[in-house]
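Numbering (mature numbering (1 follows the signal peptide of the UniProt record, and there is no 0)), first residue to last: -21 to -1, 1 to 72. The structure appears below as structure tokens.
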């Protein structure tokens, strides 16, 4: 087989194969390929209670002192009150 004919086959064959996919891709119900699934989006938007009941709980039993203690524990590596953090101080530079 000649080089010219081989090049022609390798250029035309993928184009023919992709042309077969064009008919399948034209059977979409969207405006463009980037468009999402409108039905699923509308179902999600019109859900009555999308969040669990725990998400609406705003009465948190915390005060400023407990938040300050938590922040200090976060900043100090190797806190003995936190399980598994003893080895963390050795890992840090």
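Glycine is no exception: its CB is placed at the ideal position from the N, C-alpha and C atoms. Because the structure is a prediction, the values reported are computed rather than measured.
So for residue i, helix, strand or coil by DSSP?
i           : result
residue -19 : helix
residue -4  : helix
Looking at the C-beta of residue i, does it have a partner C-beta in chain C at a distance below 8 angstroms?
i          : result
residue 52 : Here there is only one protein chain, and chain C is not present.
Could you name each continuous alpha helix (DSSP H) segment of 4 residues or more that falls completely within the segment 23 to 61, going from the start of the chain to the end?
For the segment 23 to 61, whole alpha helix (DSSP H) runs of length 4 or above, ordered along the chain, are 43 to 54.
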